[in-house]
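Numbering (this note's numbering), first residue to last: 6 to 123.
Even for Gly, the Cβ is constructed at its ideal location relative to N, Cα and C.
All of these numbers come straight from a predicted model, not from anything done at the bench.
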(Lines of atoms letter the chains of each structure in order from A and count residues from 1; the text may use other names and numbers.)
(Lines give C-alpha, C1' and ligand atoms only; values in the text may rest on other atoms or scores of the structure.)
Protein backbone atom coordinates (compact mmCIF):
# COMPACT_ATOMS: atom_id res chain seq x y z
CA UNK A 1 0.00 0.00 0.00
CA UNK A 2 1.27 3.46 -0.89
CA UNK A 3 0.97 6.21 1.74
CA UNK A 4 0.17 9.53 0.06
CA UNK A 5 -0.15 13.05 1.43
CA UNK A 6 -1.63 15.75 -0.79
CA UNK A 7 -2.00 19.50 -0.30
CA UNK A 8 -4.33 21.32 -2.66
CA UNK A 9 -3.43 24.99 -3.00
CA UNK A 10 -4.51 27.80 -5.25
CA UNK A 11 -1.54 27.43 -7.61
CA UNK A 12 -0.07 23.96 -7.07
CA UNK A 13 -1.23 20.59 -5.81
CA UNK A 14 1.65 18.91 -3.97
CA UNK A 15 2.05 15.22 -3.25
CA UNK A 16 4.44 13.30 -1.04
CA UNK A 17 4.33 9.54 -0.84
CA UNK A 18 6.09 6.50 0.51
CA UNK A 19 6.15 3.31 -1.50
CA UNK A 20 7.65 1.10 1.22
CA UNK A 21 11.23 1.96 0.26
CA UNK A 22 11.58 5.73 -0.04
CA UNK A 23 9.78 9.07 0.10
CA UNK A 24 9.03 10.86 -3.15
CA UNK A 25 7.47 14.14 -4.23
CA UNK A 26 5.26 15.23 -7.10
CA UNK A 27 3.81 18.63 -7.99
CA UNK A 28 1.31 19.71 -10.62
CA UNK A 29 -0.74 22.80 -11.35
CA UNK A 30 -3.97 23.06 -9.39
CA UNK A 31 -7.33 23.18 -11.14
CA UNK A 32 -9.19 25.99 -9.32
CA UNK A 33 -12.47 25.41 -11.14
CA UNK A 34 -12.51 21.82 -9.85
CA UNK A 35 -9.73 21.06 -7.32
CA UNK A 36 -10.53 17.33 -7.44
CA UNK A 37 -9.23 17.10 -11.02
CA UNK A 38 -5.62 17.82 -10.00
CA UNK A 39 -5.87 15.51 -6.99
CA UNK A 40 -7.19 12.63 -9.08
CA UNK A 41 -4.62 13.22 -11.84
CA UNK A 42 -1.81 13.10 -9.26
CA UNK A 43 -3.18 9.96 -7.64
CA UNK A 44 -3.39 8.23 -11.03
CA UNK A 45 0.20 9.29 -11.79
CA UNK A 46 1.53 8.04 -8.45
CA UNK A 47 -0.50 4.93 -7.69
CA UNK A 48 -2.35 3.86 -10.80
CA UNK A 49 -4.54 1.00 -9.57
CA UNK A 50 -2.57 0.26 -6.38
CA UNK A 51 -4.20 0.58 -2.97
CA UNK A 52 -3.45 3.85 -1.20
CA UNK A 53 -3.64 5.36 2.27
CA UNK A 54 -4.46 9.04 1.68
CA UNK A 55 -4.16 12.17 3.82
CA UNK A 56 -5.44 15.42 2.27
CA UNK A 57 -5.05 19.04 3.28
CA UNK A 58 -6.16 22.14 1.46
CA UNK A 59 -5.78 25.90 1.48
CA UNK A 60 -8.50 26.36 -1.14
CA UNK A 61 -11.14 27.47 1.39
CA UNK A 62 -8.67 29.73 3.20
CA UNK A 63 -7.62 31.32 -0.10
CA UNK A 64 -11.27 31.86 -1.10
CA UNK A 65 -11.88 33.74 2.16
CA UNK A 66 -8.70 35.81 1.96
CA UNK A 67 -9.26 36.68 -1.70
CA UNK A 68 -13.03 37.13 -1.25
CA UNK A 69 -13.67 34.81 -4.18
CA UNK A 70 -16.09 32.47 -2.45
CA UNK A 71 -19.77 31.98 -3.15
CA UNK A 72 -22.39 34.31 -1.72
CA UNK A 73 -22.95 32.86 1.73
CA UNK A 74 -25.61 33.02 4.42
CA UNK A 75 -25.01 32.74 8.16
CA UNK A 76 -27.44 30.97 10.47
CA UNK A 77 -26.66 31.57 14.14
CA UNK A 78 -28.31 31.96 17.53
CA UNK A 79 -30.75 34.87 17.70
CA UNK A 80 -28.96 37.95 18.98
CA UNK A 81 -25.58 36.92 17.55
CA UNK A 82 -26.21 37.86 13.92
CA UNK A 83 -23.87 40.85 14.02
CA UNK A 84 -20.94 39.27 15.86
CA UNK A 85 -19.29 38.61 12.50
CA UNK A 86 -19.33 42.38 11.85
CA UNK A 87 -18.49 43.54 15.36
CA UNK A 88 -15.45 41.29 15.49
CA UNK A 89 -12.99 41.42 18.35
CA UNK A 90 -11.28 44.17 20.25
CA UNK A 91 -7.89 43.03 18.98
CA UNK A 92 -6.60 45.60 16.54
CA UNK A 93 -3.31 47.51 16.27
CA UNK A 94 -4.74 50.87 17.40
CA UNK A 95 -7.47 49.89 19.85
CA UNK A 96 -8.49 53.47 20.70
CA UNK A 97 -8.22 54.99 17.24
CA UNK A 98 -11.42 56.70 16.09
CA UNK A 99 -10.55 56.14 12.44
CA UNK A 100 -9.80 52.45 12.19
CA UNK A 101 -10.25 50.64 8.89
CA UNK A 102 -12.61 47.68 8.85
CA UNK A 103 -12.89 45.14 6.09
CA UNK A 104 -16.45 44.39 5.03
CA UNK A 105 -17.88 41.29 6.72
CA UNK A 106 -17.78 38.00 4.82
CA UNK A 107 -21.57 37.71 5.12
CA UNK A 108 -23.66 40.83 4.37
CA UNK A 109 -26.28 41.81 6.98
CA UNK A 110 -29.18 40.78 4.74
CA UNK A 111 -27.89 37.20 4.68
CA UNK A 112 -27.58 36.70 8.45
CA UNK A 113 -30.37 34.81 10.18
CA UNK A 114 -30.89 34.39 13.89
CA UNK A 115 -32.87 31.43 15.15
CA UNK A 116 -33.94 30.42 18.64
CA UNK A 117 -31.38 28.29 20.43
CA UNK A 118 -31.89 25.86 23.26
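{"Check": "Determine the extent of the beta strand (DSSP E) in which residue 30 is found, giving its start and end residues.", "Outcome": "28–34"}
{"Check": "Should residue 17 be labelled buried (16 or more other beta-carbon atoms within 10 Å of its own) or exposed?", "Outcome": "exposed"}
{"Check": "Would you mind giving the Cβ-Cβ distance between residue 9 and residue 57, rounded to the nearest angstrom? I have them listed as a contact below 8 Å.", "Outcome": "5 Å"}
{"Check": "Go ahead and pull the three-state DSSP assignment for residue 82.", "Outcome": "strand"}
{"Check": "Curious, which full-length beta strand (DSSP E) runs of at least 3 residues does the region 56–113 contain?", "Outcome": "57–63, 80–83"}
{"Check": "Within a Cβ cutoff of 8 Å, which residues of the same chain sit near residue 80, ignoring the five residues on either side of it in sequence?", "Outcome": "87, 90, 112, 116, 117, 118"}
{"Check": "If you count every other CB in all the chains shown that lies within 10 Å of the CB of residue 103, and 16 or more means buried, which is it?", "Outcome": "exposed"}
{"Check": "In the structure shown, what three-state DSSP assignment does residue 47 receive?", "Outcome": "helix"}
{"Check": "For residue 34 and residue 107, I'd like the C-alpha separation in whole angstroms.", "Outcome": "34 Å"}
{"Check": "DSSP three-state call for residue 2: helix, strand or coil?", "Outcome": "The question about residue 2 has no answer here: the residues shown for the chain are numbered 6 through 123."}
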